[in-house]
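Enquirer: Per the numbering used here, numbering through the sequence shown is continuous, rising by one, with the last residue being 593.
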Amino acid sequence: MRSFFPEAALDPARLVVLAGKYVNNPPLYSKLMKLGFEAASLPDFAHMAAITFADTVVSHQPFTDRLLFHELVHVVQYQKLCLSQFSAQYVKGFLNGGSYEASPLEMNAYELEARYAAEPAKLFSVADQVQRWIAENRF
């Protein structure tokens, strides 16, 4: 993975694997449901393979290379966008797309993860790719 990610993303990154435990959905969900959001439309943290909070990746299962790659893309996104902008873009993408998979931040992570999985020996810079999406206003 070191060939794809800058040291500035990898060095501070922390990985946590929860053994039989799950990250709870945020308290905000009850407020969103009162505003008319359906519970089924909100991302259920317990059903996500992993979730990234800035430089900490929490997984409900052992990491595969693909899962780790995907989550490390989010670490780079957090670094490039900063916490407040990442959070705002994530919520905006979710609201505009109707699901977390439709969020441009997720689309970027899935695209780069698929590129890595298709040709793991073909190196590219995740930081450069994330920066390109930022420059193109794709988030």
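Virtual Cβ for every residue (Gly too), placed ideally from N, Cα, C.
1) Applying the criterion that 16 or more other CB atoms from any shown protein chain within 10 Å of the CB defines a buried residue, is GLN585 buried or exposed?
2) Below 8 Å CB to CB, which residues in the same chain sit around VAL527 once its five sequence neighbours on both sides are set aside?
3) Using a 10 Å radius around the Cβ and a threshold of 16 neighbouring Cβ atoms, would you call THR506 buried or exposed?
4) Under the DSSP definition of a beta bridge, which residues are partnered with THR510?
5) Apply the 10 Å Cβ neighbour rule to GLN515 and answer buried if 16 or more other Cβ atoms are within range, or exposed otherwise.
6) If you measure between the beta carbons of ALA469 and VAL530, is that distance less than 7 Å?
7) Can you tell me the Cβ-Cβ gap for ALA571 and ARG520, rounded? I've got them flagged as a contact below 8 Å.
8) Whose C-alpha, out of LEU482, ASN478, PHE517, PHE459, is nearest the C-alpha of ALA596?
9) In whole angstroms, what is the alpha-carbon distance linking PHE491 and LEU535?
10) Just how far apart, CA to CA, sit PHE458 and ALA467?
11) If you drop the 5 nearest sequence neighbours on each side, which residues of the same chain put their C-beta closer than 6 Å to that of GLU525?
Expert: The answer reads as follows:
1) When all chains shown are included, GLN585 counts as exposed.
2) Close CB contacts of VAL527 within its chain, under the 8 Å cut and outside five residues either way in sequence, are with ASN562, ALA563, LEU566, GLU567, VAL580, VAL584 (chain order).
3) Buried is the call here.
4) The partner list for THR510 (beta bridge, DSSP) reads ARG468, PHE507.
5) It counts as exposed.
6) According to the sequence shown, residue 469 is Leu rather than Ala. Remark: C-beta atoms of LEU469 and VAL530 do not approach each other more closely than 7 Å.
7) Sure, about 5 Å apart at Cβ, within 8 Å.
8) No information on residue 596 is available, as it lies outside the stretch 455 to 593 that the chain covers here.
9) If I take the Cα positions, the gap works out to 27 Å.
10) Straight-line spacing of the CA atoms in PHE458 and ALA467 works out to 14 Å.
11) Excluding positions up to five away in sequence, the list reads ALA504, THR506, VAL511.
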